[in-house]
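Take 1 as the starting number for the sequence shown in full-length UniProt numbering and just add one per residue.
Where is the CB? At the ideal position from N, CA and C, for every residue including glycine.
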Amino acid sequence: MALRSSVTRRTLTLGLNSTRLLPLSRSLQTFSLPDLPYDYGALEPAISGEIMQLHHQKHHHTYITNYNKALEQLHEAIQKDDSSTVVKLQSAIKFNGGGHVNHSIFWKNLAPIREGGGEPPKASLGWAIDTHFGSLESLIQKMNTEGAALQGSGWVWLGVNKELKKLVIETTPNQDPLVTKGPHLVPLLGIDVWEHAYYLQYKNVRPDYLKNIWKVINWKYASEVYEKECA
Ligand SMILES: [Fe+2]
């Protein structure tokens, strides 16, 4: 199943109720749920099909719906010169927009075993991991430790600082994207440690989820991003 474009366009008609001269209609970009590049059950037994379906169809879809709503309100507030509402909308945009950004990466970070899921990274990313962390096993242990220790909901990331060409491990709370930790950070691999990502299968034992997810990590995708950023 191909990953289709996550962006569609539609047009809103806006009135001339501002102090500024405005066009009668403006094009407002909205976002839609991307298809998964595999079936919901294709990551079993590491991640159940039920989790994948709920996670994609309910959770990710809700972030997109609320992101689009907030963007529409933002657009209208700007047209009305309503700065108070513009400021008020920032947290909803960060949370729901971040949820869309992060989950769009997360689906590409996973792959069925028969399609290479869990196969260790090769070439330049493999060498960089050995250089920075000693071994892939050390990297996995460090990410699992940080992911398990993260309080509440959030993400644990393997990223690359594209200015320094250096790998980093970071965590972010809630739905904050990796770029909130630094403008030069590009995510290679993000693991969702919200309970909705594992509770139906692993109950409250987040470390078991973290231990098993590596069986379906798509290192090929992470390697492609790394090579693009560090070439
Ligand atoms: Fe999630």
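With 6 Å as the limit, the residues whose C-beta approaches a heavy atom of ligand 1 more closely than that are H55, H59, H103, D192, W194, H196, A197, in chain order.
In the DSSP assignment, S83 forms no beta bridge with any residue. DSSP places E163 in no beta strand (DSSP E); its state is neither H nor E. With respect to the 8 Å criterion, I64 and F31 are classified as neighbours on the basis of their beta carbons.
Between the C-alpha atoms of I169 and K80 there is a straight-line separation of about 42 Å. Its Cα nearest to that of Q151, the residue T172 stands out among S138, K142, P183, T172. Taken in chain order, the whole alpha helix (DSSP H) runs of length 4 or more contained in the region 179 to 225 are 199 to 202, 206 to 213.
In its chain, beyond the 5 residues on either side, N212, I213, K215, V216 have a beta carbon closer than 7 Å to the beta carbon of A46. When beta bridges are read from the DSSP output, V156 appears opposite T171, I191. Here the alpha carbon of P121 sits roughly 7 Å from the alpha carbon of K220. Short of 6 Å from the beta carbon of L74, and not among the five residues preceding or following it, lie these beta carbons of its own chain, in chain order: L89.
DSSP, read as helix, strand or coil, puts S91 in helix.
In the DSSP assignment, G49 falls within the alpha helix (DSSP H) that extends over 49 to 54. Inclusion of Y38 and Q53 in the CB contact set at 8 Å is not warranted, their separation being larger than that value.
For S138, the uninterrupted alpha helix (DSSP H) run begins and ends at 136 to 149, by DSSP. Judged by DSSP in its simplified three-state form, L43 adopts helix. For the options E163, E115, L125, the alpha carbon positioned closest to that of L189 is the one of L125. Distance check between G118 and each of E137, L167, H100, W127 places E137 closest, using alpha-carbon atoms only. With contact defined as three or more Cβ pairs closer than 8 Å, the region 94 to 103 and the region 199 to 207 are not in contact. Selection V193, F133, L185 evaluated against V156 yields V193 as nearest (Cα-Cα). In the structure shown, S104 falls within a helical segment according to DSSP collapsed to helix, strand and coil. In the structure shown, the three-state DSSP call for L110 is strand.
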